[in-house]
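Report on the structure given below.
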Amino acid sequence: MNIANLCTEIEIQDGSTVSKTLHQDGSLKVVLFGFDAGQELSEHTAAVPAIMHFIDGEADVTVGDDASKAGPNSFYQMDANVPHSITAIKPTKMLLLLLKGANREKSP
1 MNIANLCTEI EIQDGSTVSK TLHQDGSLKV VLFGFDAGQE LSEHTAAVPA
51 IMHFIDGEAD VTVGDDASKA GPNSFYQMDA NVPHSITAIK PTKMLLLLLK
101 GANREKSP
């Protein structure tokens, strides 16, 4: 798979959160999200380690006990079962990588 510009792969819809699976196999799932301003993913966990890479917009992000603002090129690595949430401040696009083949134990 080769995508020249991730931002053109998904369109933000008014008042909604949209997602598009770009790749999925036994070890990796890649999902592109588009959040309109004010949309959120409430606190939840993933059963596998994950990476969030924000490619456009601005969002409040909480990973475990750490809260911060994400903007273009912000990157978050999460171990399995770590609570996290996202609230878009501006229309936001984020790439999620679920590392299904990774060691599920907490990294040092």
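Take the sequence shown: its position 28, counted from the start at 1, is 28 in the working numbering, and no numbers get skipped.
Backbone N, C-alpha and C fix where the C-beta goes; we use that ideal spot for every residue, glycine too.
Contact between the stretch 3-19 and the stretch 66-75 is absent, with fewer than three C-beta pairs closer than 8 Å. Contiguous beta strand (DSSP E) elements confined to the stretch 48-79 occur at 50-56, 59-63, 66-70, 75-78, taking only those with 3 or more residues.
Contact between His53 and Leu95 holds, with the beta-carbon distance rounding to 5 Å and staying under 8 Å.
In the three-state DSSP reduction, Thr92 falls in the strand class (E or B).
Going by beta carbons, Ala88 and Gly26 fall outside the 8 Å limit. A direct Cα-to-Cα measurement between Asn73 and Asp56 gives close to 8 Å. Of the residues assessed, Thr92 falls on the buried side of the cut-off, its CB having 16 or more other CB atoms within 10 angstroms.
Here Thr8 carries a helix assignment [DSSP, helix/strand/coil]. Distance from the CA of Asp60 to the CA of Val82, rounded to the nearest whole angstrom, comes to 16 Å.
Partner residues in the beta bridge of Gln24, as assigned by DSSP, are Lys29.
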